[in-house]
Amino acid sequence: MKHTLKIFLLFWVFLGGCTTEYQTIDRSETAVIVDSVFQAEKIGELDVLVVVDRSGSMNDDADEVGSGIELFRLDIEGLTTDYRFAFITTDSGTIGYAGYYDSSSSSIELAMAASILPPAADEAGFESTYVFLNNDDGIDFRRPDADFLLFLISDEDEQSSISTSIFYDWLQEEFALVKHDVVAITTTDECAYTYGIGYKYIELVNLYGKDAIPICGENWEYWLSESSFLTQMISSISLSQTPIVESITVYVNHESIYGWSYSEDANMVTLDSVPDYGSLIEVGYKVAIE
């Protein structure tokens, strides 16, 4: 019995001394992704043309246009004080014109500009834009070296013979030497009422990588300052893929920064401060490969 116990104890000691150490090795593959965007450059000159539907159904919207553009002016004065505003109607046969307005114009002048435009029966925003920029008033308003921003505001579809693709191609050619952008505020399928969804306006801004702003929305004038790449200052980046969160690194002009946060719900990185004009903002991170 003692001999058996001795053998058992020796065997137990042997097992205890040979205990295996386990190490977990993560063999999952990853890839490195870098999402980047440039902050807006400080603008030298900026010409803003506001094309407004002045038909009867739009009578109540003129004040919103005026207040929205005045708020917009406050935003662009952070980028440049060398700007001009012009307002025209969508009636290409007899275009109503107010302008041009610049940094010397009073707030009340700019706020009332859309309201003093004459009534217009036609819904020809594309055609009136083309005609105006080629008539004497338009030539006097537009500066060849100025960046250009076009607002198209109507509660109905564009009804001229100019197709969306032809108008887009003309804009690309006409403003090839400067930066330009288009913003549409029109009836969308989100609106409960439909005088006529602005299909052509929606198609046009889609070509510029954005959606139209629903004219039925509350306080849409506050969205104007966030609707154009020419004036919007960037402080957040939507990530193109879902990151391994602990791998995220943020750079501004190739230097790593630490003042940022990540939202899993939005899959977005938000910076604590707004980078300077022209800055390169990069977010690098790893993603798991299935």
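Residue numbering for the sequence shown is 372 to 661, as defined by my numbering.
Virtual Cβ for every residue (Gly too), placed ideally from N, Cα, C.
- Query: Per the contact definition of three or more C-beta pairs closer than 8 Å, is the region 514-529 in contact with the region 546-566?
  - Reply: yes
- Beta carbon of A495, beta carbon of S463: below 9 Å? yes
- What's the C-alpha gap between D636 and E626? 27 Å
- From the DSSP output, which residues share a beta bridge with K413? DSSP output for K413 lists no bridge partner at all.
- Starting from the N-terminal side, write out each stretch of the alpha helix (DSSP H) that is 4 residues or longer and does not extend beyond the region 516-542. none
- Item | When I615, V658, K657, I605 are compared against G649, the one with the closest alpha-carbon | I605
- Start and end residues, beta strand (DSSP E) containing L504: Counting along the chain, L504 falls outside any beta strand (DSSP E), though it belongs to the alpha helix (DSSP H) covering 496-504.
- Please list, in chain order, all residues of the same chain as T641 whose beta carbon is under 6 Å from its beta carbon, the five residues on each side excluded. S607, S632
- Task: Out of V623, S618, V422, state which residue places its alpha-carbon closest to the alpha-carbon of D493.
- Result: V422
- Report the residue ranges of all beta strand (DSSP E) runs contained in full by the region 435-511; include only those spanning at least 3 residues, in chain order. 454-460, 468-472
- Message: Going by DSSP, what residue range makes up the alpha helix (DSSP H) through Y572?
- Response: 570-578
- Task: Quick one: using the 10 Å Cβ neighbour count with 16 as the cut-off for buried, is E441 buried or exposed?
- Result: buried
- Query: Is the region 409-426 touching the region 443-460, taking contact as three or more C-beta pairs under 8 Å?
  - Reply: yes
- If we ignore side chains and look at the alpha-carbon of each, how far apart do P490 and Q612 end up? 49 Å
- From N506 to E661, what does the alpha carbon distance come to, in whole angstroms? 59 Å
- Item | Nearest neighbour of F409, chosen from N624, L575, G439, V658 [CA to CA] | N624
- Message: If I measure Cβ to Cβ from S531 and keep anything under 6 Å in the same chain, skipping five residues before and after, which residues do I get?
- Response: A495, F497, E498
- Message: Here's the rule I'm using: 16 or more other beta-carbon atoms within 10 Å means buried, otherwise exposed. How should A485 be labelled?
- Response: buried
- Message: Using only the alpha-carbon positions, how far apart do D406 and G655 sit?
- Response: 6 Å
- Between I524, T461, L575, C562, which lies nearest to S536 when the distance is taken from Cα to Cα? L575
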